[in-house]
């Protein structure tokens, strides 16, 4: 009847087929078509997700010199299968700071210079909340990511204008801004100021 509301029935798709075709065959044909369409849609969605993830991740340039620091763990950017490897030039290219402060490790005010910890986090695309930093002698300590975001903590690579040697606690020394906030001058932050740094794992 014209104008009469009628719900769609998948069986109607086979109504125009020859009578010799079994109705069960019609329904199987329709079912297979719907399943194939569903698989194509799911496949397209997965492809979009992978493409978006690849767009968010950046492939960083490889170090040209000797690697002095590696960063791994919860990071979105990489230049190796292990994470991010950096040489001295790559560290020097990051936004940095000079800190002149009294510390418990030197008898007088000392000038430290190096990239900001926050700049390194941005460079590698860090997404975790804790940094496990490890020294050349395998000493390890955990530093909250919040420390690098709250204060201008630097990864000092120079002391009094010269590269820090391993003997002087180099090549990298985590230095808090002891000159800016007296509240940092205590054992808690001294313990987080790892020296002879070789790697950082973002957790």
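In this note's numbering, the protein residues as written are 40 to 242.
Backbone N, C-alpha and C define an ideal beta-carbon position, used for all residues, glycine too.
It should be emphasised that the depicted structure is a prediction, and the values quoted were computed from it without experimental measurement.
### Message
Contact criterion: CB-CB distance below 8 Å. Does residue 199 meet it with respect to chain D?
### Response
Annotation note: the requested chain D is absent from the structure, which comprises a single protein chain.
### Task
Take the Cβ of residue 230 as the centre, count every other Cβ of all protein chains shown within 10 Å, and call the residue buried at 16 or more, exposed below.
A residue is called buried once 16 or more other Cβ atoms fall within 10 Å of its Cβ, and residue 230, having fewer, is exposed.
### Task
Tell me, please, which residues DSSP counts as bridged to residue 214.
DSSP output for residue 214 lists 193 as bridge partner(s).
#### Entry: Residue of 178, 216, 215 and 221 minimising C-alpha distance to residue 238
Nearest C-alpha to residue 238: 178.
### Query
Excluding five sequence neighbours on each side, which residues of the same chain lie with their C-beta closer than 8 Å to the C-beta of residue 147?
These residues qualify, in order along the chain: 141.
### Query
Under the rule that 16 or more other beta-carbon atoms within 10 Å means buried, what is residue 210, buried or exposed?
With 16 or more other Cβ atoms within 10 Å, it is buried.
### With 16 other Cβ atoms within 10 Å as the buried cut-off, status of residue 99
Its Cβ being crowded by 16 or more others within 10 Å, residue 99 is buried.
### Task
Write down the C-beta distance between residue 133 and residue 162 rounded to the nearest angstrom, noting that I regard them as a contact closer than 8 Å.
The pair is a contact, with the Cβ atoms about 6 Å apart (cut-off 8 Å).
### Task
Starting from the Cα of residue 159, find the closest Cα among 170, 149 and 151 and give me that residue.
Checked all of 170, 149 and 151; the closest Cα to residue 159 is 170.
### Query
How many Å lie between residue 175 and residue 110 at the Cα?
So the two alpha carbons sit approximately 14 Å from each other.
### Task
Report yes if the C-beta distance between residue 121 and residue 105 is below 8 Å; otherwise report no.
Taking a C-beta distance under 8 Å as the contact criterion, residue 121 and residue 105 do not qualify as a contact pair.
### Message
So, under 8 Å CB-CB, residue 130 and residue 173 are touching, yes? Tell me the CB distance rounded to an integer number of Å.
### Response
About 17 Å; that fails the 8 Å criterion.
#### Entry: Reduced DSSP secondary structure (H/G/I, E/B, other) of residue 126
The three-state reading of DSSP puts residue 126 in strand, counting E and B together.
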